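For the sequence shown, position 254 matches number 255 in the numbering used here, and the numbering has no gaps at all. Working notes, beginning with the structure itself.
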Amino acid sequence: MNASDALIALGMRLSLTHRHGDQLFDAGKFQAAKALYLQEVHKIVGAGAIVPGVSDVSCGGVIEQVYIDVDPFKRANLFGCFMGMARCFRRENNLEMALAWCEEVNSLYRSLYHAAPHPMFDWKDYILDMPELTFNYVSGLCLASEIFASLGNSGTAATRRWASITTTVSLPDAHQTPAMDAVRNTALLMKLCESRHPDPQATHALQASVPALQVRGSWKRLHVATLGGVTDGRENFSSFIWNSHMYVAGGRRTGMGPWYRDIWALDLAKLDAWRRLPDYPVSTSGMFLGWTILVHNDTALLFTGRAAVDVLDLKTEKWSSFTTTYVPTAADRAAGVVGSWPYPGHTLADATMQIVGGKLYVFGGAHRTTSMGCNLFMQLDLATRRWRRLSGTVRVTEHGDYSCPGPRKSAASWVSPDKTRLFLLFGSFDRQAATMHDELHGSDESFGYADFWSWSIQDETWRRERMAGNPPCARTEMAFAYNEKLQKAVVFGGYHPSLSTYVLTPGKEIGFDYSYFADTFVYEAASASASEIEPTLSAPKWRQVLTPGFPTYRCQAHLACDPATGKTYMFGGWTNSQFIPTRSKLLSRSFGDLWELRMDVPGGHFEGVDVAAEARVARAGPWQRCFTCAAAGPWKKCGGSCKGLAFFCGPMCLREGWKEHKQIHSCRKA
Numbered sequence: 002m003n004a005s006d007a008l009i010a011l012g013m014r015l016s017l018t019h020r021h022g023d024q025l026f027d028a029g030k031f032q033a034a035k036a037l038y039l040q041e042v043h044k045i046v047g048a049g050a051i052v053p054g055v056s057d058v059s060c061g062g063v064i065e066q067v068y069i070d071v072d073p074f075k076r077a078n079l080f081g082c083f084m085g086m087a088r089c090f091r092r093e094n095n096l097e098m099a100l101a102w103c104e105e106v107n108s109l110y111r112s113l114y115h116a117a118p119h120p121m122f123d124w125k126d127y128i129l130d131m132p133e134l135t136f137n138y139v140s141g142l143c144l145a146s147e148i149f150a151s152l153g154n155s156g157t158a159a160t161r162r163w164a165s166i167t168t169t170v171s172l173p174d175a176h177q178t179p180a181m182d183a184v185r186n187t188a189l190l191m192k193l194c195e196s197r198h199p200d201p202q203a204t205h206a207l208q209a210s211v212p213a214l215q216v217r218g219s220w221k222r223l224h225v226a227t228l229g230g231v232t233d234g235r236e237n238f239s240s241f242i243w244n245s246h247m248y249v250a251g252g253r254r255t256g257m258g259p260w261y262r263d264i265w266a267l268d269l270a271k272l273d274a275w276r277r278l279p280d281y282p283v284s285t286s287g288m289f290l291g292w293t294i295l296v297h298n299d300t301a302l303l304f305t306g307r308a309a310v311d312v313l314d315l316k317t318e319k320w321s322s323f324t325t326t327y328v329p330t331a332a333d334r335a336a337g338v339v340g341s342w343p344y345p346g347h348t349l350a351d352a353t354m355q356i357v358g359g360k361l362y363v364f365g366g367a368h369r370t371t372s373m374g375c376n377l378f379m380q381l382d383l384a385t386r387r388w389r390r391l392s393g394t395v396r397v398t399e400h401g402d403y404s405c406p407g408p409r410k411s412a413a414s415w416v417s418p419d420k421t422r423l424f425l426l427f428g429s430f431d432r433q434a435a436t437m438h439d440e441l442h443g444s445d446e447s448f449g450y451a452d453f454w455s456w457s458i459q460d461e462t463w464r465r466e467r468m469a470g471n472p473p474c475a476r477t478e479m480a481f482a483y484n485e486k487l488q489k490a491v492v493f494g495g496y497h498p499s500l501s502t503y504v505l506t507p508g509k510e511i512g513f514d515y516s517y518f519a520d521t522f523v524y525e526a527a528s529a530s531a532s533e534i535e536p537t538l539s540a541p542k543w544r545q546v547l548t549p550g551f552p553t554y555r556c557q558a559h560l561a562c563d564p565a566t567g568k569t570y571m572f573g574g575w576t577n578s579q580f581i582p583t584r585s586k587l588l589s590r591s592f593g594d595l596w597e598l599r600m601d602v603p604g605g606h607f608e609g610v611d612v613a614a615e616a617r618v619a620r621a622g623p624w625q626r627c628f629t630c631a632a633a634g635p636w637k638k639c640g641g642s643c644k645g646l647a648f649f650c651g652p653m654c655l656r657e658g659w660k661e662h663k664q665i666h667s668c669r670k671a
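This is how it looks when you write it as structure tokens:
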């Protein structure tokens, strides 16, 4: 070791004061350890700093300037202190605070990107060549993974442990220590990747044991009296609810067609039949795929990338359109706008849109000159019918931009309860398409974002938000909606383009380079009873909705909330059927099923839900639940007078469970 290396090593040892706290932790003195960790943290970040950070209207976010400015030795010490706090709270079984400190580790990690020579996109990994720092970063991911797994959030558990390996595997040998390998635990990762998300063998037994992070729920399958219309299945369609009617428009049956330009309506009170309305009449707009329809003043607005916005009058059921204008500025030209219109080819698909304050906001999506996704963010004033660019570029640039979300398509979005912020969640950047079309940032796999942003409507600035609480993992093409009555955003299902799934059934072994989801989450605003002692506990956060049964794993489904009743509905979607072993003869399939989500919250329509009964009979995605042993699989239904209310995995369980099933469900042999 030369003199310079020796000096660096000495500086590191003197800076890592968190190790004194580690000694207290090892001795089981958790309160004393936390006091020391906090003392050292405030020496670095200042006595008045709120740590762990919180997100609210006035402050918060992932990026903290103090973390960007701190020197490497102090940053390494902060990593150690944050991990120490997380471990202490984990040992005290305070899972919410343990996860908050793990998220603080992530905030500190994201600040490292600002040390790079150029702003970087999220699909690039960046970390300083400091093994101590790397070890604590990985420890934060894996501790969070352990906690999420204990809560039944298998998807986020898998992606956190997956990231601990993929972000560090190419680091120098000094980082690849036996201690690092033990923390990353590839065997545990393999086990997590063998699970579907949620795990069909576990959902019936999950309890909302940590109410701050979990909420009980129930998925109820709704049956339309008359089949036809959209019941055959739809993917890549549009939907909305108006006047307690669900509308479904466009889309396709499969990737091979047929392609639709129709629109159907269903009375959610009657569930009698889907009724066809006049078809979408504009033939020059391209295929009706990946578009968004939004309700505004008893009309449905459809923006397809053209200067004309199409309008369906929901009372008269007649189509019309109005013309909009746009005058590009010099900044717009610098952002890639060519000519007089921001969307090349006058096309746009897979963007996310919201209406708030009389303005239509449009983010991302694919257009004529990029199928990967962009981060162009536009606003249309619906009164003046004039567009303006708020942020982003028409096509992806060479370097990233930390002031706004990266380029993507199929993101989720919603508006805050007070109408001051617009939230943007996840999505994907199609790097495979970049390779095929010789564009920047091509790769052999697409990138699924794990980020969460909000736009201040007043200040017109973006803020990267923390994934507080018990959040969903990175995904794209998920169903999402905001329930105004519950004041909660709901997210269901979706698809991760690079999280592997393994099926190790003897004789049927198969691996997938992707994952489909059927889990459910809600994002809630800040608690009304804010805690001055611990602000983290009253901050906005995620909770997982635990349901004994659930719809099949899928992407491209749609969630919609009825403003009149507060009910939340889910329709349609698509899955690769090879992902479901019982459907192995089919390459893919779309869904035409309708579900209602009920949650154990005020106004959540949970009355009458028998959770214990559902745990015995509710379907677990594509599989049935054995009434006797609770195993999920392709079981045979009861042949008695119950008409298949219960399923049994074999003759032994049928014999053992028949008497109870007969008593509970009044079943008789047919």
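Every residue gets a Cβ at the ideal spot worked out from N, C-alpha and C, and that includes glycine. Because the structure is a prediction, the values reported are computed rather than measured.
Exercise for the section: In angstroms with no decimal places, state the Cα-to-Cα distance between Trp342 and Tyr327. Expected result: The alpha-carbon atoms of Trp342 and Tyr327 are separated by roughly 7 Å.
Practice task
Helix, strand or coil for Tyr554, going by three-state DSSP, please let me know.
Solution key: Three-state DSSP puts Tyr554 in coil, outside helix and strand.
Problem - Beta-carbon gap between Ser155 and Asp520 smaller than 9 Å - result: A contact, by the Cβ cut-off of 9 Å.
Exercise for the section: Look up Ala336 in the DSSP assignment and say whether it is helix, strand or coil. Expected result: In the structure shown, Ala336 sits in coil (DSSP, three-state: anything other than H, G, I, E or B).
Handout entry: the segment 540 to 553 contacting the segment 614 to 621, beta-carbon criterion three pairs below 8 Å
Key = The segment 540 to 553, when compared against the segment 614 to 621, does touch it at the 8 Å Cβ threshold.
Practice task
Can you tell me which of the three DSSP states His438 falls into?
Solution key: Here DSSP, grouped into helix, strand and coil, assigns His438 to coil.
Exercise for the section: Given a cut-off of 9 Å, decide if Tyr503 and Val491 are closer than it, judged by their beta-carbon atoms. Expected result: It is not a contact, given that the beta carbons lie outside the stated cut-off.
Problem - Close Cβ partners of Phe628 (< 7 Å) along its chain, the five nearest in sequence each way excluded - result: Here the set comprises Arg617, Val618, Ala647, Phe648, Phe649, Gly658, His662.
Practice task
Let me know the secondary structure DSSP gives Ser530 once reduced to three states.
Solution key: Confidence is the limiting factor: at Ser530 the pLDDT is only 49, short of 50, which leaves the residue's position unreliable, though a coordinate-based value still follows. Taken through DSSP and simplified to helix, strand or coil, Ser530 comes out as coil.
Practice task
Flag this pair as yes or no: are the beta carbons of Trp674 and Ser444 separated by less than 9 Å?
Solution key: Nothing can be reported for residue 674: it is not among the residues displayed for the chain, which extend from 2 to 671.
Problem - Met191 in three-state terms, based on DSSP - result: Here Met191 sits in helix by DSSP.
Problem - Outcome for His198 when other beta-carbon atoms lying within 10 angstroms are tallied against a minimum of 16 - result: By the neighbour-count rule (16 or more Cβ atoms within 10 Å), His198 is buried.
Practice task
Give the C-beta separation of Ser414 and Phe364 to the nearest angstrom, bearing in mind that I take them to be a contact with Cβ-Cβ under 8 Å.
Solution key: Ser414 to Phe364, Cβ: 7 Å. Contact.
Practice task
Please confirm whether Ala87 and Leu134 have their CB atoms less than 9 Å apart.
Solution key: Taking 9 Å as the cut-off, the beta carbon of Ala87 is found no closer than this to the beta carbon of Leu134.
Handout entry: Where His497 falls: helix, strand or coil (DSSP)
Key = Strand, per DSSP.
Practice task
Just mark Leu54 as buried or exposed, buried being the case when its beta carbon has 16 or more other beta carbons within 10 Å.
Solution key: First, the residue type needs correcting, since residue 54 is Gly and not Leu in the sequence shown. A residue is called buried once 16 or more other Cβ atoms fall within 10 Å of its Cβ, and Gly54 is buried on that count.
Practice task
Please say whether Lys271 and Asp299 have beta carbons closer to each other than 9 Å?
Solution key: Against a cut-off of 9 Å, the Cβ pair of Lys271 and Asp299 comes out as no contact.
Practice task
Starting from Ser414, trace the beta strand (DSSP E) both ways and give me its first and last residue.
Solution key: For Ser414, the enclosing beta strand (DSSP E) has its first and last residue at 413 to 416.
Handout entry: Cβ-based burial, Ala183 [other Cβ within 10 Å; buried from 16]
Key = Exposed, by the Cβ-count rule.
Problem - Member of Asp126, Leu96, Glu97, Phe83 whose CA lies at the smallest distance from the CA of Glu105 - result: Of the candidates Asp126, Leu96, Glu97, Phe83, the one whose C-alpha sits nearest the C-alpha of Glu105 is Phe83.
Practice task
Take Lys489 and list the residues in its own chain whose beta-carbon comes closer than 7 Å to its own, dropping the five residues that flank it on each side.
Solution key: A distance below 7 Å between beta-carbons, with the five flanking residues on each side excluded, links Lys489 to the following residues of its chain, in chain order: Val523, Tyr524, Glu525.
Handout entry: Residue environment, Gln66, which counts as buried when at least 16 other CB atoms sit within 10 Å
Key = That one is exposed.
Exercise for the section: Select from Ala435, Leu361, His442, Trp624 the residue whose C-alpha is nearest the C-alpha of Gly401. Expected result: Of the candidates Ala435, Leu361, His442, Trp624, the residue whose Cα lies closest to the Cα of Gly401 is His442.
Exercise for the section: Would you mind reading off the limits of the alpha helix (DSSP H) that contains Lys35? Expected result: Its alpha helix (DSSP H) spans residues 31 to 46.
Problem - Per DSSP, the bridge partner or partners of Lys360 - result: Assignment of beta-bridge partners to Lys360 by DSSP yields Val357, Asp382.
Practice task
Going by CA-CA distance only, name the one from Ser322, Arg390, Lys44, Pro623 that's closest to Val312.
Solution key: Cα-wise, what sits closest to Val312 is Ser322.
Problem - Sequence-distant residues of the same chain with beta carbon closer than 6 Å to Leu377, five excluded per side - result: For Leu377, where only same-chain residues beyond five positions count, the Cβ hits under 6 Å are Gly393, Val395.
Practice task
Report yes or no: do three or more beta-carbon pairs, one from the segment 73 to 83 and one from the segment 18 to 26, lie closer than 8 Å?
Solution key: Counting Cβ pairs under 8 Å, three or more are found: they touch.
Handout entry: Endpoints, beta strand (DSSP E) assigned at Glu525
Key = Where Glu525 is concerned, the enclosing beta strand (DSSP E) stretches over 516 to 525.
Handout entry: Classification of Cys630 by the beta-carbon crowding that lies within 10 angstroms, buried from 16 upward
Key = Around the CB of Cys630, fewer than 16 other CB atoms lie within 10 Å, so the residue is classed as exposed.
Practice task
With Asn154 as the anchor, note down where its alpha helix (DSSP H) starts and where it stops.
Solution key: From DSSP, Asn154 is part of no alpha helix (DSSP H); its letter is neither H nor E.
Handout entry: Closest residue to Cys103 among Thr537, Gln557, Met653 (Cα-Cα distance)
Key = When C-alpha distances from Cys103 are compared across Thr537, Gln557, Met653, the shortest belongs to Thr537.
Problem - Own chain partners of Met653 with C-beta closer than 6 Å, once the 5 adjacent residues on each side are dropped - result: In its chain, beyond the 5 residues on either side, no residue has a beta carbon closer than 6 Å to the beta carbon of Met653.
Practice task
Confirm, please, whether the CB-CB distance from Met191 to Val139 is below 9 Å.
Solution key: No, the pair does not count as a contact, with Cβ atoms beyond the cut-off.
Practice task
Determine contact between the segment 284 to 294 and the segment 600 to 613, defined as no fewer than three beta-carbon pairs at a distance below 8 Å.
Solution key: No, they do not touch.
Exercise for the section: Tell me, to the nearest whole angstrom, how far the beta carbon of Thr305 is from that of Ser286; I am working on the premise that it is less than 8 Å. Expected result: Contact holds; Cβ gap of about 5 Å.
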